[in-house]
Amino acid sequence: MSGTAAVITGWSVVSPFGFGPKSYVDGLLDGDVTARPVDADGPPLPDALASTVPGLDPAAILDGRGVRHLDRASQLALATLSDLVDPGLDTGERTGLVLGTALGSVQTEMDHMRASLRARRPHLLDPKTLASGTMNCAAAQCAIRFGITGPNTTIAGGRAAGLHALDYACRLLAAGRADRVIAGAVEEYTPARAWLTHHACSRRLEWLGEGSAVFRLEPPGAREPLAHVLAVTGRVAVDHDLPAAVVACGRDVLNRAGVGAAAVWAAVGAGSSLREHAALAGLVGPDALTRIPDAEGIGDTGAASAAFAVATALGLVGRWPEAAGRHVLVMATDPNGAVSGALLRLGGA
1 MSGTAAVITG
11 WSVVSPFGFG
21 PKSYVDGLLD
31 GDVTARPVDA
41 DGPPLPDALA
51 STVPGLDPAA
61 ILDGRGVRHL
71 DRASQLALAT
81 LSDLVDPGLD
91 TGERTGLVLG
101 TALGSVQTEM
111 DHMRASLRAR
121 RPHLLDPKTL
131 ASGTMNCAAA
141 QCAIRFGITG
151 PNTTIAGGRA
161 AGLHALDYAC
171 RLLAAGRADR
181 VIAGAVEEYT
191 PARAWLTHHA
201 CSRRLEWLGE
211 GSAVFRLEPP
221 GAREPLAHVL
231 AVTGRVAVDH
241 DLPAAVVACG
251 RDVLNRAGVG
261 AAAVWAAVGA
271 GSSLREHAAL
281 AGLVGPDALT
291 RIPDAEGIGD
301 TGAASAAFAV
311 ATALGLVGRW
321 PEAAGRHVLV
331 MATDPNGAVS
341 GALLRLGGA
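With the first letter of the sequence shown counted as 1, position 183 gets the number 183 in full-length UniProt numbering; the numbers rise by one all the way through.
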């Protein structure tokens, strides 16, 4: 990964706070907590609480066309893009799409496996649901529904997936493969994900959440920027020392951007533990970690964690005049050892 020359000119989000940037920023600044009791009438779950997107109705968004067999991750991604994509401008062969995920729709994949084991013959599966069992289903559905015919990529990167998607989008722009790229990440809450997270002991917050955040990236000068993406980089903590990897990755992204640690106005650690937060505070100073509200009110959003952190930074541009022109460092860590960082310079200055 390397330094970039791209700007974010638009964004959209679907979260347990509701639909659109306004509901998301309002919920964050109000300190709302969206945890709700899980459905007691549904399948047994290891969780008592979860943060889910209320009122998700893909039929209303897509005029009822082919929504019955869509997995929840695809529904969330489609709902998010519907608020961002301008069919007259943001589609066609010069527009790309990059979507971050963890494992795709784990629920659909497990449903297929269960059906294969229980069916009279292993191959007797419902063909209408097979597409949802592939990791790139959400990105493919978005491209099909909105006419995005440029590069289409799915990146599996755990909690760092959103930053990996930003980096890939910047690479597409730098290589001239697209004039604009829609990039972000999505995560669903389902019984399958709940049980996998429970058995892996990988939950970073008390309860799980879901949602999607996407961003429109373009070359500088295309439109008024909400933020400049100065650098994105990442590494793997092969020795399992995540705090040390956070510091090393943070220094790397700052060096690539040519920005000193003292110039970082705010920093946020997506999916980070207390030890990793402390390591980040040691790099940029403890005050930097207090200037952006965390998104803990929507729970552990897994693969969408880093994307929500970027969305939070963008949401401040229109609310806090003091945020204009400031540098924001977004770091993301995953229990598997992946660490990624991005440095943004907020617009509005």
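Quick reminder that beta carbons are idealized off the backbone N, C-alpha and C, glycines included.
Distance CB(L28)-CB(V106) smaller than 8 Å: By one-based count along the sequence shown, residue 28 stands at place 28. By one-based count along the sequence shown, residue 106 stands at place 106. Not in contact: L28 and V106 (Cβ atoms no closer than 8 Å).
E206, buried or exposed, once every other Cβ within 10 Å from all chains shown has been counted against 16: Residue 206 sits at position 206 when you count from the first residue of the sequence shown. With fewer than 16 Cβ atoms within 10 Å of its Cβ, E206 is classed as exposed.
Range of the contiguous alpha helix (DSSP H) that encloses T153: Within the sequence shown, the letter at position 153 stands for residue 153. Not the alpha helix (DSSP H): T153 falls in the beta strand (DSSP E), residues N152 to A156.
Contact belief for G92 with A169 at Cβ below 8 Å, rounded distance in angstroms: Indexing the sequence shown from 1 puts residue 92 at position 92. Indexing the sequence shown from 1 puts residue 169 at position 169. Contact doesn't hold; Cβ gap of about 16 Å is too wide.
Sufficient close CB pairs (3 or more, under 8 Å) joining the stretch 140–154 to the stretch 314–326: Output reads no: the stretch 314–326 does not touch the stretch 140–154.
Alpha carbon of Y24 to alpha carbon of D39, nearest angstrom: In the sequence shown, residue 24 corresponds to position 24, counting from 1. In the sequence shown, residue 39 corresponds to position 39, counting from 1. C-alpha separation (whole angstroms): 24 Å.
For I144, the three-state DSSP class (helix, strand or coil): Start at 1 with the first residue of the sequence shown, and residue 144 comes out as number 144. Correct three-state label for I144: helix.
Close-in-space but distant-in-sequence residues of the same chain around S273 (CB under 8 Å, 5 per side omitted): The count along the sequence shown starts at 1 and reaches residue 273 at position 273. The residues are R204, L242 and T333.
L283 and G250 closer than 8 Å at C-beta: Taking the sequence shown and counting its residues from 1, one reaches residue 283 at position 283. Taking the sequence shown and counting its residues from 1, one reaches residue 250 at position 250. Yes; because the gap between Cβ atoms is below 8 Å, this pair is in contact.
Residues of its chain near A309, where Cβ-Cβ distance is below 6 Å and the 5 sequence neighbours each way are ignored: Counting from 1 along the sequence shown, the entry for residue 309 is found at position 309. V268, A270 and V330.
Inter-stretch contact (C-beta, 8 Å, three-pair minimum) for the stretch 211–222 and the stretch 68–88: At 8 Å Cβ cutoff, the stretches touch.
Cα-Cα separation between H69 and E187, rounded to whole angstroms: Taking the first residue of the sequence shown as 1, we reach residue 69 at position 69. Taking the first residue of the sequence shown as 1, we reach residue 187 at position 187. The straight-line gap from Cα to Cα measures roughly 18 Å.
Endpoints, the alpha helix (DSSP H) within which residue 411 is located: Summary: the structure shown does not reach residue 411, with the chain confined to residues 1 through 349, and so no result is reported for it.
Neighbourhood of P293 by C-beta, 8 Å cutoff - its chain only, sequence neighbours within 5 removed: Here residue 293 is taken as the residue at index 293 of the sequence shown, counted from 1. Around P293: L28, L29, G31 and T312.
Closest residue to P151 among T190, A183 and W11 (Cα-Cα distance): Translated into positions along the sequence shown, residue 151 becomes position 151. Checking every option, the nearest Cα to that of P151 belongs to A183.
W195 (DSSP reduced to helix, strand or coil): One-based indexing of the sequence shown puts residue 195 at position 195. If DSSP states are grouped into helix, strand and coil, W195 belongs with the helices.
Complete runs of the alpha helix (DSSP H) confined to the stretch 11–46 [at least 4 residues]: 21–30
Helix, strand or coil at H164 [DSSP, three-state]: Sequence index remark: in the sequence shown, residue 164 carries index 164 (1-based). DSSP places H164 in helix when its eight states are reduced to three.
Cα-Cα separation between A222 and G299, rounded to whole angstroms: As a working mapping, residue 222 is identified with position 222 in the sequence shown. As a working mapping, residue 299 is identified with position 299 in the sequence shown. Near 35 Å, if we compare the C-alpha coordinates of G299 and A222.
Endpoints, alpha helix (DSSP H) assigned at S305: On the sequence shown, position 305 is the one that residue 305 refers to. First-last of the alpha helix (DSSP H) with S305: S305 to V317.
Test item: CB-CB of L84 and S15 under 8 Å: For the purposes of this step, residue 84 is identified with residue 84 of the sequence shown, where counting begins at 1. For the purposes of this step, residue 15 is identified with residue 15 of the sequence shown, where counting begins at 1. Contact: no.
Whether residue 387 touches S305 by CB criterion (8 Å): This structure does not reach residue 387, given that the chain is present from 1 up to 349, and the question cannot be answered.
For T80, the first and last residue of its enclosing alpha helix (DSSP H): Translated into positions along the sequence shown, residue 80 becomes position 80. R72 to L81 is the extent of the alpha helix (DSSP H) around T80.
Neighbour-count burial assignment, A237, 16 or more Cβ in a 10 Å radius: Walking along the sequence shown from the start, residue 237 turns up at place 237. Classification for A237: buried.
Cβ shell of G234 (< 8 Å), same chain only, five flanking positions each side left out: On the sequence shown, position 234 is the one that residue 234 refers to. Non-local beta-carbon contacts of G234 in its own chain, meaning distances under 8 Å to residues more than five positions away in sequence, involve M1, A160, L163, H164, D167, C249, A338, V339, S340 and G341 in chain order.
Spatially closest choice to V181 from A266, G285 and T149, by CA coordinates: Locating residue 181 in the sequence shown gives position 181, where the first residue counts as 1. When only C-alpha atoms are compared, the closest one is T149.
Nearest-angstrom beta carbon gap, L230 and L173 [assumed within contact, 8 Å]: Your numbering for residue 173 matches position 173 in the sequence shown. Your numbering for residue 230 matches position 230 in the sequence shown. Wrong, their Cβ atoms sit about 14 Å apart, outside the cutoff.
For R251: DSSP bridge partner residues: Here residue 251 is taken as the residue at index 251 of the sequence shown, counted from 1. DSSP output for R251 lists no bridge partner at all.
With 16 other Cβ atoms within 10 Å as the buried cut-off, status of G258: Here residue 258 is taken as the residue at index 258 of the sequence shown, counted from 1. When all chains shown are included, G258 counts as exposed.
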